[in-house]
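A.B. asks: Quick one: the structure is below, questions incoming.
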Amino acid sequence: MEPPGRDKVRDLQALLARTLRISIQDGRSFVGTFACVDREKNIVLSSTEEYPRPAPDSTDGPRFIGLIMVPWRWVVQVELEVNSDDLQASYLDDEYT
Numbered sequence: 020m021e022p023p024g025r026d027k028v029r030d031l032q033a034l035l036a037r038t039l040r041i042s043i044q045d046g047r048s049f050v051g052t053f054a055c056v057d058r059e060k061n062i063v064l065s066s067t068e069e070y071p072r073p074a075p076d077s078t079d080g081p082r083f084i085g086l087i088m089v090p091w092r093w094v095v096q097v098e099l100e101v102n103s104d105d106l107q108a109s110y111l112d113d114e115y116t
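In my numbering, each residue carries its 1-based index in the sequence shown increased by 19.
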């Protein structure tokens, strides 16, 4: 029998080196490569770009910030970037399993 939480660890491991978009409470979002999560559930992204909260009169685009740690308590939403290779692999898995 596997220890409790082992499936959650596998789910997180599957996200390593994948591109995530993390939206936080103040309206900003960060897009970067998932590097790790600590015991407090803070998320670390590398090669990250910060997107400012949308403003009607703003022309600000993203800015590169590199490595970032996002406190879990700030996180509103986490999204995984899915590309066509992922969709093809998923389709094949569903069809033949």
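Every residue gets a Cβ at the ideal spot worked out from N, C-alpha and C, and that includes glycine. What you are looking at is a predicted structure, and each value in this text was computed from that prediction instead of being measured.
Which class does Gln44 belong to by DSSP, given the choice of helix, strand or coil?
C.D. replies: As a working mapping, residue 44 is identified with position 25 in the sequence shown. Note: Gln44 maps to coil in three-state DSSP.
A.B. asks: Under 8 Å by Cβ, that's how I've got Leu64 and Gly51 pegged, so tell me the actual separation to the nearest angstrom.
C.D. replies: Looking up residue 64 in the sequence shown gives position 45. Looking up residue 51 in the sequence shown gives position 32. Correct: roughly 3 Å between the Cβ atoms.
A.B. asks: Using DSSP with H/G/I as helix, E/B as strand and the rest coil, what is Leu35?
C.D. replies: Within the sequence shown, numbered from 1, the residue matching residue 35 stands at position 16. Of the three classes helix, strand and coil, the one that applies to Leu35 here is coil, per DSSP.
A.B. asks: In whole angstroms, what is the alpha-carbon distance linking Ile62 and Arg25?
C.D. replies: As a first step, residue 62 is located in the sequence shown; it is residue number 43 there, counting from the start. As a first step, residue 25 is located in the sequence shown; it is residue number 6 there, counting from the start. Those two C-alpha atoms are separated by around 19 Å.
A.B. asks: Going along the chain, which residues of its own chain have a beta-carbon closer than 8 Å to the beta-carbon of Leu34, five neighbours each way excluded?
C.D. replies: As a first step, residue 34 is located in the sequence shown; it is residue number 15 there, counting from the start. Closer than 8 Å at the Cβ level, and outside the excluded window around Leu34, lie Phe53, Leu99.
A.B. asks: Could you check what DSSP says for Arg82 in three-state terms: helix, strand or coil?
C.D. replies: Along the sequence shown, one-based indexing puts residue 82 at 63. Correct three-state label for Arg82: strand.
A.B. asks: If you follow the beta strand (DSSP E) that Ser66 is in, where does it begin and where does it stop?
C.D. replies: In the sequence shown, counting from the first residue as 1, residue 66 sits at position 47. Unbroken beta strand (DSSP E) run through Ser66: 62-70.
A.B. asks: What residue from Lys27, Ser42, Gln32, Asn102 has the CA that sits closest to Tyr70's CA?
C.D. replies: To locate residue 70, count along the sequence shown from 1; it is residue 51. Per the Cα distances, Ser42.
A.B. asks: Excluding the five sequence neighbours on either side, which residues of its own chain have a C-beta within less than 7 Å of the C-beta of Cys55, listed in chain order?
C.D. replies: For this step, residue 55 is matched to residue 36 along the sequence shown. Same-chain partners within the cutoff: Val63.
A.B. asks: Leaving aside the five residues before and after Val89 along the sequence, list all residues of the same chain whose C-beta is less than 6 Å from its C-beta, in chain order.
C.D. replies: On the sequence shown, position 70 is the one that residue 89 refers to. Cβ neighbours of Val89 beyond the five flanking positions: Ile41, Ile62.
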